[in-house]
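Read through the structure below, which is laid out as structure tokens, and then see the notes.
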Amino acid sequence: MKVVLLSSSSHALPQELARVLTEEGVECVVLALRAPSLEDLLCPGYGGSVVTVEGSKDKVKNLSALMFRVSELAIVGESLVHAFGLWPFGVCASLVRSLAFVPYLLSVGSEVSWYAKLEAARGLSEAVLRGAYRVLVPTKTLSRELRRGFRIGRRLVEVVPCSIGLERFVSPPEGSRKRLGVGEDDLVFLYVGETWYTSGLEQLLLAFKRVSTEVSNAKLLIATPGVAREVKSTVRRMGVERVVVAECVPELELPHYYAACDAFVYVNPSDLVGRRVLEAMACGRPVVAVRGGAAEEYVRESGGGLVVKPFDVRGLASSMLKLAHSEEARASLGASGREWVLKLPSSRQTAKRIIRLYEKALVDSLEWAV
1 MKVVLLSSSS HALPQELARV LTEEGVECVV LALRAPSLED LLCPGYGGSV VTVEGSKDKV
61 KNLSALMFRV SELAIVGESL VHAFGLWPFG VCASLVRSLA FVPYLLSVGS EVSWYAKLEA
121 ARGLSEAVLR GAYRVLVPTK TLSRELRRGF RIGRRLVEVV PCSIGLERFV SPPEGSRKRL
181 GVGEDDLVFL YVGETWYTSG LEQLLLAFKR VSTEVSNAKL LIATPGVARE VKSTVRRMGV
241 ERVVVAECVP ELELPHYYAA CDAFVYVNPS DLVGRRVLEA MACGRPVVAV RGGAAEEYVR
301 ESGGGLVVKP FDVRGLASSM LKLAHSEEAR ASLGASGREW VLKLPSSRQT AKRIIRLYEK
361 ALVDSLEWAV
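Quick note on UniProt numbering: the sequence shown kicks off at 1 and runs consecutively.
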């Protein structure tokens with residue numbers, strides 16, 4: 001069996017999945033958009049091949065060229081496509097299925113809520129979703145949002161926890177504070193996120209401003225795997241002190257950031273995947289999360305943190321202060337979150353579940369062709 005994984009440079013998960021699939025004996029090809037950060041996302045130990053096409057983040061320069069490359073890779077033998085994201089890869093997988101009868105699975109994230117609201121894109125999005133053998137989502141929150149926004153059946157959607165690759169966060173590396181220039185006596189709050197305009201980060205800065213007036217050793221560390229110019233500009237404009245913005249952080253460096261913090265704050269209510277929250281919990285860090293996204297689901301199920309209303313500066317500051325003033329609360333909540341994450345399916349268990357779906361997709365596609 002051969003699997004072509006279609007990924008943008010903003011997704012680390014396909015590379016993690018490809019590594020585990022390769023270990024399970026599945027032939028993998030990762031087809032990704034060419035971007036400066038691609039090398040940072042590739043995981044050590046991945047023995048498969050990587051093919052790149054021109055593009056950046058989730059934007060492809062030539063859809064026809066992308067389709068040709070996918071068809072070239074997937075049309076031979078028992079092959080299927082696993083696309084990450086509705087656009088451009090989901091659309092490409094749907095077209096290849098129509099032309100070459102190659103089945104595909106589709107993994108989607110927070111972008112589905114945006115496409116559901118965009119009238120011009122809803123029809124095409126529904127066609128791509130319905131054409132997939134299965135649509136994989138990481139949370140029950142996202143499953144509900146998907147079925148609410150599009151006319152697709154419950155049977156088509158499968159919840160597969162976003163637990164692949166979390167093992168590297170379970171054992172926090174030593175010396176992380178020294179490595180990042182953080183003082184041993186500092187009380188560090190961490191935010192990790194790619195999205196700026198919808199992330200609620202301004203509210204976090206306002207909340208931290210209140211916290212820092214009461215806790216003299218408080219520090220806010222913001223790590224952005226993407227470009228952080230807007231973040232730095234906003235920090236300067238708002239006059240918030242004791243904030244460190246680390247930009248273009250490679251994925252493989254993130255365990256050091258989680259290890260260096262005392263608590264993790266996630267304020268993006270539109271994130272329906274919440275991968276960063278799982279990473280922080282795996283490191284044993286307590287989480288302050290806002291309602292409405294995957295983060296709330298994880299925190300409530302695990303008991304690993306506190307939940308506040310979105311854009312509630314006073315409530316956010318109050319929750320941060322609770323953790324700042326109680327080492328016992330930080331340790332207890334962090335331990336609960338870590339214990340819950342450790343009970344999630346392992347990378348290998350998740351990969352085997354996905355492989356079974358691949359096998360069923362191939363069998364059903366052959367029966368359909370006959």
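All residues carry an ideal CB built from backbone N, CA and C; glycine is no exception.
Return the CA-CA distance between residue i and residue j, expressed in angstroms with no decimal places.
i: H82; j: H325; result: 46 Å
i: S7; j: V243; result: 33 Å
i: V215; j: S171; result: 29 Å
i: K352; j: G274; result: 22 Å
i: E327; j: L321; result: 11 Å
i: V363; j: L66; result: 26 Å
i: L201; j: E359; result: 43 Å
i: G25; j: V108; result: 25 Å
i: G315; j: V211; result: 11 Å
i: L206; j: N268; result: 15 Å
i: V137; j: R122; result: 18 Å
i: V235; j: C248; result: 17 Å
i: residue 437; j: L278; result: As shown, the chain starts at 1 and ends at 370. That puts residue 437 outside it, with no answer to give.
i: A361; j: P250; result: 35 Å
i: C283; j: E167; result: 10 Å
i: L146; j: L272; result: 10 Å
Taking 7 Å as the threshold (C-beta atoms), are residue j and residue i in contact?
i: A246; j: Y266; result: no
i: V307; j: E296; result: yes
i: A263; j: S176; result: no
i: V341; j: M281; result: yes
i: I222; j: Y191; result: yes
i: G305; j: V313; result: no
i: P14; j: S163; result: no
i: F101; j: Q203; result: no
i: R134; j: L357; result: yes
i: residue 371; j: S336; result: Residue 371 lies beyond the residue range present for the chain, which begins at 1 and ends at 370; the question has no answer from this structure.
i: P161; j: P255; result: no
i: A116; j: G149; result: yes
i: C329; j: L323; result: It should be noted that the sequence gives Ala, not Cys, for residue 329. Contact flag set, yes.
i: V112; j: C92; result: no
i: L73; j: V30; result: no
i: residue 372; j: L33; result: The first residue shown for the chain is 1 and the last is 370, placing residue 372 beyond what the model contains.
Can you tell me whether DSSP reads residue i as helix, strand or coil?
i: residue 378; result: Limits of the chain in this structure are 1 at one end and 370 at the other, which puts residue 378 out of reach.
i: A18; result: helix
i: Y115; result: helix
i: S71; result: helix
i: L272; result: coil
i: residue 401; result: Only positions 1 to 370 of the chain appear in the structure, and residue 401 is not among them; the question remains open.
i: C92; result: helix
i: Y358; result: helix
i: V277; result: helix
i: G292; result: coil
DSSP beta-bridge partners for residue i?
i: E27; result: K2
i: S107; result: F84, L136
i: S365; result: Paired residues: none, contrary to the question.
i: S79; result: K2
i: F264; result: L190, V287
Those runs of the alpha helix (DSSP H) which lie wholly inside the segment 216-258 and span at least 4 residues: If we require 4 residues or more, the alpha helix (DSSP H) runs fully inside the segment 216-258 come out as 229-238.
Segments assigned beta strand (DSSP E), at least 3 residues, entirely inside the segment 294-345: If we require 3 residues or more, the beta strand (DSSP E) runs fully inside the segment 294-345 come out as 305-308.
Within the segment 149-214, ranges of the beta strand (DSSP E) (whole runs, at least 3 residues): 157-159, 187-192, all fully within the segment 149-214.
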